[in-house]
Amino acid sequence: MVFFRKEIQFWVISAIVLALGPVKATPLSQVKVFNFESAAQDLKQFKGDAQNKVLLIFDIDGTLTHRKDREKEYIKQYSKHALEILAATPGFDVYLNTGKSVEDLNKDWNIPNVGWIANYGAYIKKPEDNYEEITSLKKAGHDEWLNKIKTIVEGQEMKQSWPEDVTYHGGDAAISWIGASSSKFNEFYEKLQNSLPDSVVTMNEGTLIEVTRKGINKGTGLDSVLKAQTYSRALAAGDDVRDDPMFEKLHELLPEERFYAVVISNDPDRKTKANYKLDGFRKFLKFLEAMTGHKFELEIETKQ
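Okay, here's the thing in structure tokens:
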């Protein structure tokens, strides 16, 4: 009966939030600074049995590590060890929510009892599942969409617009270009937006462009997680606009006093759907230190 009452409470809260409509993006200057020590104390206090768990869900690049940081290998190993500690602690469900592929996650982030949502919501693996138990969340018609997009962007007319020295990745759920920040890269981004109106085209830090299908994003897998398990508290952390669907899903399915949606950014012009902010990903690693006791040895400020 207790579990049944919790289920009723969950769906009543969800209905109320949905009735209020989607959460609006807020200027970063109006978002509260994340107090990682207070949050760690709160999250550790509320973890308990199977009906009273805490969800921890993290983006990878820009949150747990950073491809531009000179100490990125140390930071990656630090984050992986911190995740191991959290995942081995009863009462925590730990997930990675990333654009990385299933193959890349299995190669570089295969951590016992850590679940993940891969390819921007296309695939999910629960913490207790094996690699072979991956579930696809792709919508019907996904492969047709992907083939159509690849035909356009890899065609001769569009290829003439590709900036020089870009690296192109054509995955099975998203495609991307990595290059140097330049006016030509910005022009290419604008051309993709105009040429692919039925897709989501995003740019991050002026050096990464990604194309994903509408309706498949970082909120897709989180929706599945939150509807399968009742959580007393939740924390989600990410650094760019592709993490906003994850933050929005928390607003949609949980009352605000039960979650921390943390954006890592120092862009004063940025708008976000997070309710907390930090101005550097190394500061977020101090949160992992507060959660695990595993000391982070580098200076807090980000050095790139």
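Numbers -25 to -1, 1 to 279, taken from mature numbering (1 follows the signal peptide of the UniProt record, and there is no 0), label the letters of the sequence shown in order. Positions of the beta carbon are idealized from the N, C-alpha and C atoms, including for glycine.
1. Taking only three categories from DSSP, how would you classify Trp137?
2. Tell me the start and end of each unbroken beta strand (DSSP E) in the segment 200 to 277 that is at least 3 residues and wholly inside, in chain order.
3. Can you give the Cα-Cα distance for Glu165 and Thr38, rounded to whole angstroms?
4. Taking 7 Å as the threshold (C-beta atoms), are Val175 and Ala212 in contact?
5. In chain order, what residues of the same chain have a beta carbon less than 8 Å from the beta carbon of Ile125, not counting five sequence neighbours either side?
6. Where does Lys7 fall in DSSP's three states?
7. Is the separation between the beta-carbon of Lys248 and that of Val(-3) shorter than 7 Å?
8. With DSSP collapsed to three states, give me the class of Asp104.
9. What are the start and end residues of the beta strand (DSSP E) that includes Ala149?
10. Work out the CA separation of Asn179 and Gly154 for me, nearest whole Å.
11. So which of Tyr98, Pro87, Gly130 and Ile32 has the shortest CA-CA distance to Glu59?
12. Once DSSP output is grouped into helix, strand and coil, what is the label at Asn169?
13. Could you have a look at His144 and say whether DSSP puts it in helix, strand or coil?
14. Look up Ile60 in the DSSP assignment and say whether it is helix, strand or coil.
15. If you drop the 5 nearest sequence neighbours on each side, which residues of the same chain put their C-beta closer than 8 Å to that of Lys252?
16. According to DSSP, is Val176 helix, strand or coil?
17. Determine the contact status of Asn27 and Tyr95, defining contact as a CB-CB distance below 7 Å.
18. Should the segment 65 to 80 be called in touch with the segment 96 to 109, which here means at least 3 C-beta pairs below 8 Å?
19. What's the C-alpha gap between Phe259 and Asp36?
Put simply:
1. coil
2. 206 to 213, 234 to 239 and 251 to 253
3. 27 Å
4. no
5. First, the amino acid is wrong: residue 125 is Lys here, not Ile. Same-chain partners within the cutoff: Gly145 and Ile150.
6. strand
7. yes
8. coil
9. Ala149 to Ile153
10. 11 Å
11. Pro87
12. helix
13. strand
14. helix
15. Leu3, Val6, Lys7, Val8, Phe9, Val237, Val238, Ile239 and Ser240
16. strand
17. no
18. yes
19. 12 Å
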